[in-house]
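Engineer: Residue numbers (the numbering used here): 894 to 971.
C-beta atoms are modelled at their ideal positions from N, C-alpha and C, and glycine is treated no differently.
Here you go, one structure.
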């Protein structure tokens, strides 16, 4: 960035150095927060995927069992 170039060319400018350090700290904090948010969303996504997976498994089992149950019921009725 332009600030980094300025500090490299003028290493004795204490205010610019402090500003650069503050900017670096702020940028690092933003990156950490982004990683934390990404971790949160991935955990949330995994939880929803797990719920949907079990719901699909239950519906699939019901779809497979129901015709067999209906066939047995019809055979008993006749």
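Where does residue 894 sit, in a helix, a strand or coil, going by DSSP?
Structural biologist: Working through the chain shown from its first residue, we reach residue 894 at position 1. Coil at residue 894, not helix or strand.
Engineer: Using the Cα positions of residue 948 and residue 940, report the straight-line distance between them to the nearest angstrom.
Structural biologist: Start at 1 with the first residue of the chain shown, and residue 948 comes out as number 55. Start at 1 with the first residue of the chain shown, and residue 940 comes out as number 47. Rounded to whole angstroms, residue 948 to residue 940 spans 12 Å at the Cα level.
Engineer: Helix, strand or coil: which one does DSSP assign to residue 904?
Structural biologist: To locate residue 904, count along the chain shown from 1; it is residue 11. DSSP places residue 904 in coil when its eight states are reduced to three.
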